[in-house]
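Asks: Would you mind keeping the following structure in view while I ask a few things?
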Amino acid sequence: MFGSLFNVFSGRSDPDILEIRIHGVQNTPPAEMLETAPDKIEKVFGDDLGSFWRKRGERPERGIRSIEAFSWGAQARTGGGALAAIGRAFVHVGWFLLLPYALANLGYWTRRIDPQPGMTAGTPKWNGDFGAATVRVFGLLLTLIAVAAFCSVAIDLVGIQCFRDGQVCAALPSVFDGLVDLERDRRAALFGLAPIATVVVLYVIARRGRVAYEERVKQFGTGLDLLEQERNRPLLATRGFWTESRIGQTSEWLHVSGAIALVLFLLALDSAYLAVDDCWTDGSSSITGECLAAGFGNPVAAWFAIGAAALLVVIVVLVALASHTTSDRRTTVKRMASMTCLVASIAGYGVWTWLAFRTTEGDGGGKVFLGLIGTPIALIVLALFLALAGAGWKNRSWARRVISAILLVGGAALLLGSHARDGDERWLWVGGAALCVLLHLVNAWTTPANHRFQAWRGQGAAVAMLLALFASMALSSLLVLGVASWLGTSTDSADTSYIWRTPPEPQPELSLDVPDAYERFAVVLTAIAVLMIVLIVAALLVNMVRFVRFSLPALAWSTPSDGDDERASAEERGGLVTPDPTTYAPRYAVPEARNRRRLTVRRSSHLLHRGEPLFGWLAVFAAIGFLSLSSAVVYEGLRAGAVSWFGENAPAGIRAGSTAVLVAVAVAAVAAVVTHAASSSERPLGVFWDVVAFFPRAGHPFAPPCFGERVVPELAARTRAWLGDPSARRRRGVILTAHSMGSTISAATLMAMRGDRVPAGIMAGEELVDRTALLSYGTQLRAYFSRFFPSVFGPDDLGVPGTRGPSLWRSDPWRSQVLAEFRDGLPAPKDDPARSLTGILGAHDRDVPRWRSLWRRTDYLGFPVFGYPAADNPVDRGVTESAPASYLWRIATHSDYLGTEQFLLARDDLVEALGDPAGDAPA
Numbered sequence: 000m001f002g003s004l005f006n007v008f009s010g011r012s013d014p015d016i017l018e019i020r021i022h023g024v025q026n027t028p029p030a031e032m033l034e035t036a037p038d039k040i041e042k043v044f045g046d047d048l049g050s051f052w053r054k055r056g057e058r059p060e061r062g063i064r065s066i067e068a069f070s071w072g073a074q075a076r077t078g079g080g081a082l083a084a085i086g087r088a089f090v091h092v093g094w095f096l097l098l099p100y101a102l103a104n105l106g107y108w109t110r111r112i113d114p115q116p117g118m119t120a121g122t123p124k125w126n127g128d129f130g131a132a133t134v135r136v137f138g139l140l141l142t143l144i145a146v147a148a149f150c151s152v153a154i155d156l157v158g159i160q161c162f163r164d165g166q167v168c169a170a171l172p173s174v175f176d177g178l179v180d181l182e183r184d185r186r187a188a189l190f191g192l193a194p195i196a197t198v199v200v201l202y203v204i205a206r207r208g209r210v211a212y213e214e215r216v217k218q219f220g221t222g223l224d225l226l227e228q229e230r231n232r233p234l235l236a237t238r239g240f241w242t243e244s245r246i247g248q249t250s251e252w253l254h255v256s257g258a259i260a261l262v263l264f265l266l267a268l269d270s271a272y273l274a275v276d277d278c279w280t281d282g283s284s285s286i287t288g289e290c291l292a293a294g295f296g297n298p299v300a301a302w303f304a305i306g307a308a309a310l311l312v313v314i315v316v317l318v319a320l321a322s323h324t325t326s327d328r329r330t331t332v333k334r335m336a337s338m339t340c341l342v343a344s345i346a347g348y349g350v351w352t353w354l355a356f357r358t359t360e361g362d363g364g365g366k367v368f369l370g371l372i373g374t375p376i377a378l379i380v381l382a383l384f385l386a387l388a389g390a391g392w393k394n395r396s397w398a399r400r401v402i403s404a405i406l407l408v409g410g411a412a413l414l415l416g417s418h419a420r421d422g423d424e425r426w427l428w429v430g431g432a433a434l435c436v437l438l439h440l441v442n443a444w445t446t447p448a449n450h451r452f453q454a455w456r457g458q459g460a461a462v463a464m465l466l467a468l469f470a471s472m473a474l475s476s477l478l479v480l481g482v483a484s485w486l487g488t489s490t491d492s493a494d495t496s497y498i499w500r501t502p503p504e505p506q507p508e509l510s511l512d513v514p515d516a517y518e519r520f521a522v523v524l525t526a527i528a529v530l531m532i533v534l535i536v537a538a539l540l541v542n543m544v545r546f547v548r549f550s551l552p553a554l555a556w557s558t559p560s561d562g563d564d565e566r567a568s569a570e571e572r573g574g575l576v577t578p579d580p581t582t583y584a585p586r587y588a589v590p591e592a593r594n595r596r597r598l599t600v601r602r603s604s605h606l607l608h609r610g611e612p613l614f615g616w617l618a619v620f621a622a623i624g625f626l627s628l629s630s631a632v633v634y635e636g637l638r639a640g641a642v643s644w645f646g647e648n649a650p651a652g653i654r655a656g657s658t659a660v661l662v663a664v665a666v667a668a669v670a671a672v673v674t675h676a677a678s679s680s681e682r683p684l685g686v687f688w689d690v691v692a693f694f695p696r697a698g699h700p701f702a703p704p705c706f707g708e709r710v711v712p713e714l715a716a717r718t719r720a721w722l723g724d725p726s727a728r729r730r731r732g733v734i735l736t737a738h739s740m741g742s743t744i745s746a747a748t749l750m751a752m753r754g755d756r757v758p759a760g761i762m763a764g765e766e767l768v769d770r771t772a773l774l775s776y777g778t779q780l781r782a783y784f785s786r787f788f789p790s791v792f793g794p795d796d797l798g799v800p801g802t803r804g805p806s807l808w809r810s811d812p813w814r815s816q817v818l819a820e821f822r823d824g825l826p827a828p829k830d831d832p833a834r835s836l837t838g839i840l841g842a843h844d845r846d847v848p849r850w851r852s853l854w855r856r857t858d859y860l861g862f863p864v865f866g867y868p869a870a871d872n873p874v875d876r877g878v879t880e881s882a883p884a885s886y887l888w889r890i891a892t893h894s895d896y897l898g899t900e901q902f903l904l905a906r907d908d909l910v911e912a913l914g915d916p917a918g919d920a921p922a
């Protein structure tokens with residue numbers, strides 16, 4: 000009471016502080032965030048996707064007036080919630096199909112993107128920088144790869160191969176029997192609607208998500224135009240970053256029209272060669288001039304194929320042009336052009352279908368569907384070389400970029416051209432393509448710039464796109480081979496007697512011919528899986544055979560030690576205070592029982608820290624696999640080697656075994672999705688969507704809707720509403736208490752609010768960020784986000800020292816960074832409140848900055864945000880490894896930060912920092 004009277008007479012009063020708790024990837028329920036029972040909380044406001052909650056009858060404590068929990072997880076995970084279980088199953092399978100597009104979108108944001116020039120507040124203007132057009136075209140190829148897979152199923156396997164000599168595949172429902180009398184072109188045209196419908200469904204999902212979020216985003220952008228726009232602002236602080244979609248109707252229409260044009264091209268190409276008996280009759284992908292000329296025996300089909308191919312080229316050009324938005328007039332022109340392409344593709348398909356039902360071309364005599372012999376491989380080659388281009392984007396030299404472009408174009412041409420060669424000459428073409436790739440990589444890797452603080456040495460875009468291509472082909476192969484296995488299953492049942500069963504006669508050679516690309520990929524996938532398992536097992540053997548002592552953060556306590564071993568020294572807790580560079584991390588030979596549990600959890604948690612190098616190796620294996628898959632001569636050479644080593648039946652056995660593995664994975668994946676859909680409306684792989692759906696859609700129009708476009712404005716609006724409440728009688732403050740991904744959301748919100756001022760009340764005119772503090776814990780801001788997305792969350796934008804990447808083989812994967820920081824010390828935070836997050840939160844000039852970040856060594860997803868040493872570290876603080884409020888003692892990992900003494904002390908620091916109206920730390 001006397002303290003309050005002193006504050007009144009001295010002209011100073013404690014502010015009313017609102018603590019907003021933001022959950023992370025585990026989607027913590029509001030009641031758990033508020034540390035109470037579900038029936039004791041109430042919604043402040045919000046809806047089913049985003050809402051703020053608080054305790055009923057809460058009382059102020061430790062300087063906090065009110066605590067609210069911000070629940071945003073449904074925005075990233077909801078899918079098909081209003082549908083019946085069977086409908087949700089189809090929607091959830093659709094979300095799986097979006098996986099490659101999500102990775103392509105991440106590839107867009109891993110590039111270097113310079114700050115936006117000029118006035119961009121609330122406008123759609125956007126400079127995607129170098130590589131943006133390549134990512135967009137790569138995204139289009141991913142769409143076309145999916146279309147080719149659906150064509151393989153709908154047109155080739157079902158529409159053509161399942162209708163032969165008046166017979167229908169027994170696995171098909173009887174409703175298809177009426178199509179047996181239709182001629183080949185007619186059935187193909189009808190079944191060609193299936194892949195088109197699939198792309199339209201993806202368009203509708205993307206469109207629905209974009210409209211649902213953009214309406215709230217538009218409201219967030221209202222009024223920002225009046226604010227002064229500085230040059231060279233960080234991307235997250237760019238006016239309009241969260242208010243305008245970077246990819247919209249133009250790209251969506253182009254992808255849909257590209258899908259229709261590809262289906263039309265495949266249908267027309269197949270029809271052109273129905274009456275040609277001497278070309279590609281054995282399923283070979285070899286191309287000759289004579290065979291190309293023979294297609295003009297059916298001039299209508301040939302010209303339709305040429306027209307569809309020309310339309311695809313136009314669509315590719317428009318997709319590249321749409322990657323940069325410079326003016327409303329040019330945007331309108333590009334949108335009209337995309338609509339023209341869409342109308343042309345629909346009209347072309349309609350005319351083709353009409354002609355197919357008016358003319359008679361025969362059934363082709365059982366010939367394979369020609370269009371799918373080489374098209375998937377051609378699409379893979381083009382996508383692969385576009386992905387490899389990302390390895391050179393870290394170069395800012397235009398000369399190096401031109402050299403890489405020439406090498407990659409030449410390499411792709413040589414690899415594709417090898418299919419038009421015969422005999423040993425093909426080896427020269429494939430060797431030339433491989434040489435072009437090697438020279439490109441040398442050109443990319445010899446750049447003088449230092450990229451040690453970026454993931455994969457600045458080649459994140461290449462890794463992301465290679466993984467996207469890998470995921471796309473995995474899903475495509477699962478689909479094609481899974482359906483082929485289902486359609487080709489024998490209907491003969493085994494004879495049974497008592498406890499015995501007599502197996503039926505072995506089936507003859509599979510009567511359904513699957514395009515080579517998918518069977519080859521099954522072999523490639525099996526080889527990659529074996530290599531990755533070997534790599535993982537080796538890493539486990541190196542890192543799991545012994546206990547080691549990690550450097551541990553210092554722990555703050557409000558009371559002296561009372562014998563609790565949590566308050567013992569770092570050495571007594573099985574760790575180190577200061578690492579020795581000659582022995583770190585040293586082996587801990589015989590730990591006592593309690594420390595053994597700590598050391599076991601620390602060791603297992605650090606295994607997950609090694610994911611980055613593993614994904615890098617997966618990208619390398621995928622690139623090598625795609626090069627092998629795309630070359631018939633390499634594949635045939637490997638096949639000959641298998642025959643010489645293991646016998647004539649080895650290739651067939653390897654292919655059958657790989658296909659069986661892939662089919663089994665397909666069945667298991669579908670079963671898991673259906674089971675999940677029956678019990679939950681959340682999307683499968685919910686944690687994955689929390690991460691990949693944060694960034695705005697810019698690389699692919701069918702990528703998951705960006706929840707950041709809503710969650711950041713909502714959090715900013717709640718902060719603004721609290722600070723600008725006209726009824727407030729005392730000064731106010733906000734503490735954003737953010738866990739894991741929540742700290743990324745909070746950092747983006749603070750950057751977006753920079754320069755905004757309190758609109759009303761007793762603090763009107765003050766900057767919002769000056770009355771806001773951040774308490775992060777279990778965060779990946781520096782370790783992952785600053786390295787994966789250097790143009791968005793880079794060290795300069797966060798205002799923290801850069802960090803090297805983790806090692807796959809070291810006992811402490813962050814050993815090099817830990818030793819460098821303890822050896823050289825931590826630099827002072829940058830004095831740049833106009834740019835960096837530490838500057839915004841006063842870390843450069845305050846004894847008590849408005850940012851505290853907690854971490855522990857047992858957290859598999861938590862890292863220091865400024866540095867490992869405690870000395871000269873203005874932000875990071877250690878937290879106990881024991882879970883609070885636990886009946887039985889257990890080790891805390893990624894959760895269990897709330898309620899710890901270190902959490903409460905860190906929050907007290909922020910309350911103190913917000914308490915002085917003058918903005919200076921209390922003495």
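Just so we're aligned: 247 in numbering that gives the first Met the number 0 is position 248 of the sequence shown, and the numbers increase by one with no gaps anywhere. A virtual CB, placed ideally from N, CA and C, is assigned to each residue, including glycine.
1) Closest to Leu381 by CA distance: which of Leu628, Phe162, Arg519 is it?
2) Classify Asp811 as buried or exposed, calling it buried when 16 or more other Cβ atoms lie within 10 Å of its own Cβ.
3) Here's the rule I'm using: 16 or more other beta-carbon atoms within 10 Å means buried, otherwise exposed. How should Lys54 be labelled?
4) What does the alpha-carbon distance come out to for the pair Glu713 and Gly760?
5) Measure the beta-carbon distance from Thr574 to Ser550 and round it to whole angstroms, keeping in mind my assumption that it falls under 8 Å.
6) What first and last residue would you give for the alpha helix (DSSP H) that runs through Val425?
7) Throw me the rounded Cβ distance for the Pro703 and Val691 pair, which I believe falls under 8 Å.
8) Which same chain residues end up closer than 6 Å to Ala882 when comparing Cβ atoms and leaving out the 5 residues on each side of it in sequence?
9) May I ask which residues mark the beginning and end of the alpha helix (DSSP H) holding Leu385?
10) If you reduce the DSSP assignment to three classes, tell me which class Val43 lands in.
11) Who are Tyr776's beta bridge partners in DSSP?
12) Bridge partners of Trp52, per DSSP?
13) Buried or exposed for Gly10, going by 16 or more other Cβ atoms inside 10 Å?
14) Could you tell me if Ile40 is buried or exposed, where buried requires 16 or more neighbouring beta carbons within 10 angstroms of its beta carbon?
15) Taking Val99 as the reference, which of Pro700, Ala467, Arg135 has the closest Cα?
16) Buried or exposed, going by whether 16 or more other CB atoms sit within 10 Å of the CB of Arg328?
17) Which whole runs of the alpha helix (DSSP H) in the region 294-326 are 4 residues long or more, in chain order?
18) Between Arg717, Phe792, Ala621, which has its C-alpha nearest Phe694's C-alpha?
19) What are the partner residues of Ser881, as DSSP defines its beta bridges?
20) Please list the segments of the alpha helix (DSSP H) lying wholly inside the region 450-489, counting only runs of 4 or more residues, in order along the chain.
21) With Leu317 and Ala336 assumed to form a contact (beta carbons below 8 Å), what rounded beta-carbon distance in angstroms separates them?
22) Using the C-alpha atoms, what's the distance from Gly106 back to Ala386?
23) Just to check my reading of the structure: Leu266 and Trp351 have Cβ atoms closer than 8 Å, yes? What is that Cβ distance to the nearest angstrom?
24) Count the CB pairs spanning the region 765-772 and the region 789-808 that are closer than 8 Å, and state whether there are at least three.
25) With a CB to CB cut of under 6 Å and the five nearest residues on each side skipped, what residues in its chain are close to Val523?
26) Tell me the rounded alpha-carbon separation between Ala553 and Val878.
27) Grouping DSSP H, G and I as helix and E and B as strand, with all else coil, what is Gln115?
28) So the alpha helix (DSSP H) Ile259 belongs to, where does it begin and stop?
29) Just to confirm the assignment, what range does the alpha helix (DSSP H) spanning Thr27 have?
30) Going along the chain, which residues of its own chain have a beta-carbon closer than 7 Å to the beta-carbon of Ser270, five neighbours each way excluded?
31) Closer than 6 Å by C-beta to Leu413: which residues in its own chain qualify, once you throw out the five before and the five after it? Chain order, please.
32) What's the C-alpha gap between Thr249 and Arg729?
33) Within the continuous beta strand (DSSP E) that includes Ile144, where are the two ends?
34) Going by Cα to Cα distance, which pick from Glu251, Ser630, Trp556, Leu434 is closest to Asp421?
35) Report all residues from its chain with a CB closer than 6 Å to the CB of Pro789; omit the five preceding and five following residues, and keep chain order.
36) Let me check one thing: in DSSP terms, what residues is Leu807 bridge-paired to?
Replies: Judging by the given coordinates:
1) Among Leu628, Phe162, Arg519, the Cα nearest to that of Leu381 belongs to Leu628.
2) Under this definition Asp811 is a buried residue.
3) Answer is buried; the Cβ neighbour count reaches 16.
4) Rounded to whole angstroms, the separation of the alpha carbons of Gly760 and Glu713 is 20 Å.
5) The question names Thr, yet the displayed sequence has Gly at residue 574. That belief holds up - the Cβ atoms of Gly574 and Ser550 are roughly 7 Å apart, short of 8 Å.
6) Note that residue 425 is Arg in the sequence shown here, rather than Val. Segment 424-444, the alpha helix (DSSP H) holding Arg425.
7) Between Val691 and Pro703 the Cβ distance is about 7 Å, and since that is below 8 Å, they are a contact.
8) Cβ neighbours of Ala882 beyond the five flanking positions: Arg889, Ala891, Asp895.
9) Unbroken alpha helix (DSSP H) run through Leu385: 370-388.
10) Residue state for Val43 is assigned as strand, using DSSP reduced to three classes.
11) Tyr776 is bridged to His738, Leu853.
12) Trp52 pairs with Lys42, Ala68.
13) Caution is warranted here: a pLDDT of 47 is assigned to Gly10, below 50, making its placement in the model unreliable, and the coordinate value is therefore given only provisionally. With fewer than 16 other Cβ atoms within 10 Å, it is exposed.
14) Result: buried.
15) The sequence shown places Pro at residue 99, not Val. Among Pro700, Ala467, Arg135, the Cα nearest to that of Pro99 is on Ala467.
16) Arg328 comes out exposed.
17) Listed in chain order, they are 298-320.
18) Between Phe694 and the set Arg717, Phe792, Ala621, the nearest pair of CA atoms involves Phe792.
19) Beta-bridge annotation (DSSP): Ser881 is paired with Ile890.
20) Within the region 450-489, the complete alpha helix (DSSP H) runs of at least 4 residues are 459-486.
21) Contact flag correct, Cβ pair sits at about 6 Å.
22) Their backbone Cα atoms lie some 9 Å apart in a straight line.
23) Correct: roughly 6 Å between the Cβ atoms.
24) They do not touch, by the three-pair rule.
25) For Val523, where only same-chain residues beyond five positions count, the Cβ hits under 6 Å are Gly624, Leu628.
26) In a straight line, the C-alpha of Ala553 is about 8 Å away from that of Val878.
27) In the three-state reduction of the DSSP assignment, Gln115 falls in the coil class, being assigned neither a helical nor a strand state.
28) Per DSSP, Ile259 belongs to the alpha helix (DSSP H) from 248-271.
29) Here Thr27 belongs to no alpha helix (DSSP H), and DSSP marks it neither H nor E.
30) If we look at Ser270 and ignore the five residues flanking it on each side, its Cβ neighbours are Asp184, Asn297, Ala300, Glu360.
31) Excluding residues up to 5 positions away in sequence, Trp428, Gly431, Ala432 lie with their Cβ nearer than 6 Å to the Cβ of Leu413 in the same chain.
32) Between the alpha carbons of Thr249 and Arg729 lies a distance of about 50 Å.
33) First-last for Ile144: 131-150, but that is the alpha helix (DSSP H), not the beta strand (DSSP E).
34) Checking every option, the nearest Cα to that of Asp421 belongs to Ser630.
35) These residues qualify, in order along the chain: Gln453.
36) Its beta-bridge partners do not exist; DSSP assigns none.
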